[in-house]
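Below: one structure, written as structure tokens.
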Amino acid sequence: MTLVLPWPPTVNSYWRRVGNRTILSAKARAYRGAALAACLEQSAPRLGQARVRVSVIAYPPDRRRRDLDNLHKGVLDALAFARVFDDDSQIDELSIVRAYAEAPGRVLVTVQAIP
Numbered sequence: 497m498t499l500v501l502p503w504p505p506t507v508n509s510y511w512r513r514v515g516n517r518t519i520l521s522a523k524a525r526a527y528r529g530a531a532l533a534a535c536l537e538q539s540a541p542r543l544g545q546a547r548v549r550v551s552v553i554a555y556p557p558d559r560r561r562r563d564l565d566n567l568h569k570g571v572l573d574a575l576a577f578a579r580v581f582d583d584d585s586q587i588d589e590l591s592i593v594r595a596y597a598e599a600p601g602r603v604l605v606t607v608q609a610i611p
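Basically my numbering = 1-based index in the sequence shown + 496.
Quick look at the structure:
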């Protein structure tokens, strides 16, 4: 199944230190909520503990330079939060492709169980 999710916050702003604890930032919590709503709206599958293959096509919100490897953590954590799979450690195959810039930005995520 292919899901359309909003553009995630960068991994550089995903966590915050509070004292000696590391917590999700407000941006990260808002993103997880938006991704959960998108998954529910699109009837995302629940693959449980299956091994999975994930393919991401990223449509950035603008033409600024971005590290593609900072993109996937927020997306995968949001999919686990939405219970598409139990944990992102189940991912055996991951591909990420950058597409053209398109405001406000989005990611197309294809998730498949590996037999």
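For every residue, glycine included, the Cβ atom is placed at its ideal position computed from N, Cα and C.
- Bounds of the beta strand (DSSP E) holding Glu589 are Ile587 to Arg594.
- With the rule of 3 Cβ pairs closer than 8 Å, the segment 542 to 552 counts as touching the segment 572 to 581.
- Annotation: the continuous alpha helix (DSSP H) that includes Leu536 extends over Ala522 to Glu537.
- According to the DSSP secondary-structure assignment, Val500 is paired through a beta bridge with Leu604.
- Using a Cβ-Cβ distance cut-off of 8 Å, the segment 576 to 586 and the segment 531 to 538 are in contact, since at least three pairs of beta carbons, one from each stretch, lie closer than that value.
- Proximity to Ser521 across Gly515, Val514 and Tyr510 peaks at Tyr510, based on C-alpha coordinates.
- In this model, Trp503 and Ala540 are separated by some 18 Å (Cα to Cα).
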